[in-house]
């Protein structure tokens with residue numbers, strides 16, 4: 005039921021009791037789990053009255069290139085709207101004015117290059133880093149990514165062109181720090197890891213890789229699968245086809261990066277990030293329809309989703 009190739013064979017699925025002990029069911033462990041509201045509620049952190057912005061972390065987003073300013077803007081705005089205390093976007097020169105006008109809450113680190121990212125002065129003052137939205141695959145951008153991978157001491161989420169760069173490097177997973185979150189869509193996953201005969205084999209490969217390399221893999225799709233280092237896979241069956249639109253993945257990267265900066269574990273940053281993203285997408289669908297839904301609509305609905313958990 006969680007696999008795309010099986011979906012057409014299912015109608016409505018109704019869970020009914022057949023006499024099994026509820027206590028036994030609760031104690032039964034499985035490598036495959038469906039993400040639900042109970043899990044999210046139990047791992048959502050409520051804010052204390054005397055906390056300040058320093059308590060909610062500082063996220064660095066390395067993103068954007070000439071012609072792809074929107075990706076950096078969407079990731080940055082999503083990060084701010086997910087509660088990071090501070091967000092800094094590292095951008096090429098030509099994107100600075102666009103970001104300052106689009107997301108005034110975001111601070112900016114300016115690259116020396118005018119059209120793409122080539123170097124960051126320092127990465128050590130941040131609590132988490134996100135790389136990839138609107139990035140490019142120029143050699144200097146590749147070298148910057150590799151430099152960050154060597155030096156980084158904080159949680160990291162990689163998306164988009166960061167993944168495309170890695171896909172060209174043999175045994176790239178050996179370069180990833182423990183706890184790194186990868187967020188590929190199906191084509192990016194294929195570039196990274198190759199093709200598989202079926203979804204089950206793909207998921208088992210994901211699970212083994214997450215265990216062996218102590219990373220988190222978020223395979224985005226109609227039903228997103230999240231592979232954790234402890235061997236579990238969580239399926240998220242929220243969301244809708246309207247979210248299959250440009251910029252949606254950039255929003256997810258910003259959400260996950262923001263949660264990492266707020267000291268959620270990589271596992272919970274990925275799981276809760278996917279949940280909040282998909283539920284905001286479902287709420288946006290109610291407002292604007294699947295056809296008209298945009299990545300910005302998802303961001304606009306995040307506040308309503310968080311308000312459900314802050315009660």
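Residue numbers (the working numbering): 5 to 315.
Ideal placement from N, C-alpha and C gives every residue a C-beta, glycine not left out.
Everything numeric in this text was worked out from a predicted model, so none of it was measured.
- Contact check for residue 71 and residue 89: beta-carbon distance about 31 Å, past the 8 Å limit, so the pair fails to qualify.
- With respect to the C-alpha of residue 147, the residue from 165, 195, 130 having the closest C-alpha is 165.
- Looking at the DSSP output, residue 111 shares a beta bridge with 92.
- Leaving aside the five residues that flank residue 291 on each side, the residues in its chain whose CB is nearer than 8 Å to its CB run, in chain order, 301, 305.
- With fewer than 16 neighbouring CB atoms inside 10 Å of its own CB, residue 51 falls in the exposed class.
- Going by DSSP, residue 41 is part of the alpha helix (DSSP H) stretching over 41-47.
- Excluding residues up to 5 positions away in sequence, 200 lie with their Cβ nearer than 6 Å to the Cβ of residue 206 in the same chain.
- Put simply, of 312, 87, 37, 36 the residue whose alpha carbon is nearest the alpha carbon of residue 55 is 87.
- Put simply, of 196, 142, 175 the residue whose alpha carbon is nearest the alpha carbon of residue 163 is 196.
- Excluding sequence positions up to five before and after residue 122, its CB lies within less than 7 Å of the CB of 115, 116, 144, 145, 148, all in the same chain and listed in chain order.
- If you draw a straight line from the Cα of residue 266 to the Cα of residue 59, it is about 7 Å long.
- Per the coordinates, the alpha-carbon of residue 118 lies some 23 Å from the alpha-carbon of residue 153.
- Excluding sequence positions up to five before and after residue 85, its CB lies within less than 7 Å of the CB of 303, 306, 307, all in the same chain and listed in chain order.
- Across the structure, residue 245 and residue 19 are spaced so that their CA atoms are roughly 25 Å apart.
- Residue 224 and residue 277 have their C-alpha atoms roughly 12 Å apart.
- With a 10 Å radius around the Cβ and a threshold of 16 neighbouring Cβ atoms, residue 235 comes out exposed.
- Shown here, residue 36 sits in a strand according to DSSP, grouped into three states.
- Within the model, the alpha-carbon separation for residue 242 versus residue 280 is close to 9 Å.
- Residue 169 is a Cβ neighbour of residue 139, given a cutoff of 9 Å.
- Scanning its chain for C-beta atoms nearer than 8 Å, with the 5 sequence neighbours on each side dropped, one finds around residue 49 the residues 266, 268, in chain order.
- For residue 228, the three-state secondary structure derived from DSSP is strand.
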